[in-house]
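Per this note's numbering, residue 1228 is the first one in the sequence shown, and the count goes up by one each step.
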Amino acid sequence: MRRARLDGRRPIIHTGAPADGTATNEPDAEETPMTQASNDAVSRRWLLAAAAAAPAVAGATGGARAADDKAAVTAALEALRAAIVDGDAKALDGLLHDGLTYGHSSGRNNQTKAQFVASVAGKVNYRSLVFSEQWIEIVGDNALVRHVWDGADILPNGETGRSYIAVMQVWLRDGGRWRLLARQSCPLKPA
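Put into structure tokens, the structure is as follows:
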């Protein structure tokens, strides 16, 4: 019967048990320096294999989390687009961070969360709104997002205008949810 025990930091293999069946801390007479050398070689090989595999395991786990985070940010971005189109104040409140700074393409108008929600709540401001050319990069608990905003705006006189802008956003993982922390845009020439 083979049993292993720890002697300091070195594993020692026992190949037999005492006749009375009791355990002992003494190496068996059968153990030789060669057996110990073989055990050390196996331990070193196991350690090297584990060390070599660790980055691959960590990368696979990190890659899966990044993919999950990217999907969650993509879903939050779509929810934001829908909430803006629908004028849904409750949805916006859940998607926007309390410290939001929302910069418009004119560069002259920055709004807080409360100001932005009030400006779109209960209003239909767009006949259509499309976010295209999305680029998302996850950096820890932050997500950097770029996209093109192409909106058919409803103007105060009832006519339709067009907003075609480049947008950059910073999203923050907050309480397990992704929330928009900062947004700035600039005008683009229509394609």
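Cβ atoms here follow ideal geometry from the backbone N, Cα and C, with glycine treated the same way.
| Query | Result |
| --- | --- |
| Do the stretch 1294-1302 and the stretch 1326-1339 meet, that is, are 3 or more Cβ pairs less than 8 Å apart? | no |
| For residue 1378, is the classification buried or exposed, using 16 other Cβ atoms within 10 angstroms of its Cβ as the cut-off for buried? | buried |
| Could you compute how far the alpha carbon of residue 1316 sits from the alpha carbon of residue 1309? | 11 Å |
| The beta strand (DSSP E) with residue 1330 in it runs from where to where? | 1323-1330 |
| What is the DSSP secondary structure of residue 1351, reduced to helix, strand or coil? | coil |
| Rounded to whole angstroms, how far is the Cβ of residue 1332 from the Cβ of residue 1414, which I believe are closer than 8 Å? | 5 Å |
| From which residue to which residue does the beta strand (DSSP E) around residue 1399 run? | 1387-1401 |
| Determine the extent of the beta strand (DSSP E) in which residue 1414 is found, giving its start and end residues. | 1404-1414 |
| When the Cα of residue 1359 is compared with those of 1392, 1369, 1330, which residue comes out closest? | 1392 |
| With C-beta atoms as the reference, is residue 1343 less than 8 Å away from residue 1327? | yes |
| Helix, strand or coil for residue 1371 per DSSP? | strand |
| According to DSSP, is residue 1319 part of a helix, a strand, or is it coil? | helix |
| Does residue 1382 come out as helix, strand or coil in the three-state DSSP assignment? | coil |
| If you draw a straight line from the C-alpha of residue 1374 to the C-alpha of residue 1345, how long is it? | 24 Å |
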